[in-house]
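Before any comments, here is the structure.
Residue numbers (the working numbering): 221 to 1213.
Structure below.
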């Protein structure tokens, strides 16, 4: 009898070699093709050192490469560790740190982790990689098949090891019970890091069926999903519990062939099954018992039957025990203990946790039992009813969250001394909320903003608390413990007191927006003062939200509106104003708002001139923005070309933390420094927009006296957020730098600006050339309608000009686009140009955009020029357009034509609307988060990107004159450099490179 899913897959491949195994929007693979591709990958990873019983991490999206990867890993006798590519880098690294992996697999080249010394293989480049014969290995039922990482009670992710025997036991039982056969067609809906996905993958592949992977934009839309099920003639499909009511309520397509709809992940609320032609199956099970433990064939809940998770499946035996681990009477609540062939092998590298969770109770049975932590009741009919968790492990919108992990990350902020987190309304899947209480002396609103930003960079979006309460102390119980019940009651009392008065009742516009928020976020009590991001929204949901609001209200809504008008009442008021205004153009930032921000610090003045040696031979440099792409390379160049020590101002909890951030960035961008150079770096943990740069007074005063010159590279870079979001870091940050420059001794300021301060001003000025000395005021009409980042950079340059007129020695470098490093090919993954190139490579096309110039150059040319020119005191008071001469300046169309000519890529030039239509509905497209740049009407029915056509010719006479006599030359984007760029930045290796 077959004892592993791998054996069963091989059997199906022999029976049905040409049967379709896998269908995505990009690929259709037969069993034979899937077998051959996974064989090739298996041979490759074996050659790289993968041995039986190794753990191999697979960072992936829901794509064909994921399936190829898991097959290849199992064929090598190893176990796969699926890691969702959407996880933050920090969480991915935490998982990788627990695995002694010989290498790391990724489904696509654009998700290669930065901070690893392990070999990396991107499966989508498999056809470009060498072929090595696969070595035959013996895979036994007792070996580990996969490891799923969930959040543990210690706060850190813990790996659950599942054997081949347990996996096959589940798949075999499921396929038999629900008539899975070679004629079946089923879905892969779950996120790849969840255990449900493993069942979805192996169930069809073990019976010769077809596995269909819907795209993410379809997966989250009930109407589109049902149409997709019908189009692909799916017979078996899965949806998360939260989507079940919407799927059942949606129109059921006439050609729907669905026999079973499975769900799991949350407690299922009563549903109406009248007129539904398929069976709804509710599965329940912890990860530690191989996905599913019980199964319930759902009936129409209007009959008022008790909620049930059904009967045990796959040989599971269930025990309901009290706190003394003794059986309770039927009908009484207790903790669920599970035994049987599907119990996991245990947690990875966690002996103490294994001892507490995988227990032996000889008086009950001889097998190991898993202690689930779930409260259940055994009903009179032998079914089980789920009541909830004994601890604080929760699921929200199908995502499993450990509150201890959330608390652990929150406490990383030094401003927070204590934290407690509680679930509000845990009995309801739709109104379940996370409330976090912290003790801090920080101003509450500032702390909340800082905390949410910290969580976004450390944990998945779904970990965000719905409520954050900043307190000066916690109430305590009589035993001296934090009184969580009191905290929760106080919060609910305050929320109840905010009952809307008649004047606060929702207007029609507010109600329409609130309905969209409720549908997207599963939150019912939206109030006028609520902000989208504070009730569970995130940047991707914002794109979906504004689309639905636009459709529902018939008022054009933009992604920037979510940031500009974050609360419900502010957004509704803005849209009402827009309803009665000219509909074609996006709101402008009033020019007076920008001009009012052009201010020097109060009482600021220059006391004495600087010394030329401060530029030509500095002893101590202050560099901001060293963790950015340009800033990191500028740090290396200043270390190479001066003897100065360099103080780097970096956000961090401590100088050590700031220093580690710098080292991580240098490694990410492949910047090698000698030990001596590293010793000259002095990390400063601070915040550029805070008073005294967020430093201790003594440290600040010492720097004011010792620093010779300032290189200001720091800048918040975001192409969606409005000016109000950019203002703090960019405008206020520069004002703090200028204050520092004049304190104690005058320090020259080298400001890194951007050619974007010219915006698309040619539409207003009628000029063709913009000279370095031209006043940028003439472009204000365009700037005021441009993105918030451009507005903030324009204000920054005007402030620097004002400081220069008042005596501060300043030189300004307006940067073009740092496409890559000419030798390494490395680029910044947070910029829009890289997303554009990747999208064009994926679609096989490039947009027709007339004379659009980004000032493409290389980061090493930029930083060499800055370091060289800035040491010349004669450069003070001048502006430098740091781009190529116009004859060498590549336009967007010329760049892609050069790619075509160099590598025969055959990128098709397409009219802009048709090109955009290829990806604007695909939430996985690299450019999707920046859709508003390409779609929102700004002026004359044109988007921001379209307005940048017919760009100015940028004069760079100052740059050319000051570089004369040096060895620094404008780089050429030749075939060799472009090949390095494509491979290092996108994992794309052209065949004729």
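Every residue, glycine too, gets a C-beta built ideally from N, C-alpha and C.
Query: Residue 655 and residue 687 look like a contact to me (Cβ under 8 Å); what is the Cβ gap, rounded to whole Å?; Result: 4 Å
Query: If contact is defined by three or more beta carbon pairs under 8 Å, each pair taking one atom from either stretch, is the region 1183 to 1190 in contact with the region 1081 to 1089?; Result: yes
Query: Answer with buried or exposed for residue 905, where buried requires no fewer than 16 other C-beta atoms within 10 angstroms of its C-beta.; Result: buried
Query: For residue 903, write down the residues that DSSP places opposite it in a beta bridge.; Result: 868
Query: Check whether the region 487 to 501 and the region 533 to 546 touch, using three or more Cβ-Cβ pairs below 8 Å as the test.; Result: no
Query: Using alpha carbons as the reference points, say which of 281, 511, 279 and 795 lies closest to residue 380.; Result: 511
Query: Could you have a look at residue 593 and say whether DSSP puts it in helix, strand or coil?; Result: strand
Query: If we require 3 or more residues per run, which beta strand (DSSP E) segments fall completely within the region 365 to 429?; Result: 377 to 383 and 405 to 407
Query: Between the Cα of residue 1094 and those of 1127, 1030 and 576, spot the shortest distance and give me the residue it belongs to.; Result: 1030
Query: So for residue 467, helix, strand or coil by DSSP?; Result: helix
Query: Would you check if the distance between the CB atom of residue 969 and the CB atom of residue 930 is smaller than 9 Å?; Result: yes
Query: So what does DSSP say about residue 513, is it helix, strand or coil?; Result: coil
Query: Which residue's Cα is closest to the Cα of residue 1217: 1187, 367, 1049 and 1071?; Result: Limits of the chain in this structure are 221 at one end and 1213 at the other, which puts residue 1217 out of reach.
Query: From residue 426 to residue 1003, what does the alpha carbon distance come to, in whole angstroms?; Result: 59 Å
Query: Under 6 Å Cβ to Cβ from residue 817, same chain only, skipping five residues before and after it: list those, please.; Result: 951 and 1015
Query: Specify, as a first and last residue, the run of the beta strand (DSSP E) that residue 277 falls within.; Result: 275 to 280
Query: With 16 as the cutoff for other CB atoms within 10 Å, does residue 698 come out buried or exposed?; Result: Note that residue 698 scores a pLDDT of 42, beneath 50, so its modelled location is shaky; the value from the coordinates is reported in the next line. With fewer than 16 other Cβ atoms within 10 Å, it is exposed.
Query: Should residue 1192 be labelled buried (16 or more other beta-carbon atoms within 10 Å of its own) or exposed?; Result: exposed
Query: Compare the C-alpha of residue 366 against each of 324, 298 and 791 and name the closest.; Result: 298
Query: Residues bridged to residue 558 by DSSP?; Result: 538 and 590
Query: Under the assumption that residue 786 contacts residue 928 (Cβ atoms under 8 Å), give the Cβ distance between them as a whole number of angstroms.; Result: Incorrect: roughly 42 Å between the Cβ atoms, too far for contact.
Query: For residue 700 and residue 769, I'd like the C-alpha separation in whole angstroms.; Result: Bear in mind that the predicted position of residue 700 carries a pLDDT of just 41, short of 50, making it unreliable; the figure below should be weighed with that in mind. When rounded, the distance between both Cα atoms is 49 Å.
Query: For residue 1219 and residue 270, what's the separation of their Cα atoms in angstroms?; Result: No answer is possible for residue 1219: the residues shown for the chain start at 221 and end at 1213.
Query: Determine the contact status of residue 625 and residue 679, defining contact as a CB-CB distance below 9 Å.; Result: yes
Query: What did DSSP end up calling residue 763 once you bin it into helix, strand or coil?; Result: helix
Query: Please identify the residue among 685, 707 and 975 whose C-alpha is closest to the C-alpha of residue 694.; Result: 707
Query: Could you have a look at residue 504 and say whether DSSP puts it in helix, strand or coil?; Result: strand
Query: Beta-carbon within less than 7 Å of residue 795's beta-carbon, same chain only, minus the 5 sequence neighbours each way: which residues are those?; Result: 729, 773, 775 and 777
Query: Going by alpha carbons, who is nearest to residue 456 out of 493, 408 and 468?; Result: 408
Query: Can you tell me which of the three DSSP states residue 1067 falls into?; Result: strand
Query: Using DSSP with H/G/I as helix, E/B as strand and the rest coil, what is residue 697?; Result: Its pLDDT being 45, under 50, residue 697 is placed unreliably by the model, and the measurement read from it follows with that caveat. Residue state, collapsed to three classes: coil.
Query: Name the residue from 988, 925, 565 and 974 whose alpha carbon lies nearest to the alpha carbon of residue 967.; Result: 925
Query: Quick check on the burial criterion: 16 or more other C-beta atoms within 10 angstroms. Buried or exposed for residue 812?; Result: exposed
Query: Alpha carbon to alpha carbon, what distance is there between residue 640 and residue 712?; Result: 16 Å
Query: Tell me, please, which residues DSSP counts as bridged to residue 530.; Result: 604
Query: Comparing alpha-carbon positions, which option in 351, 318 and 303 lies nearest residue 328?; Result: 303
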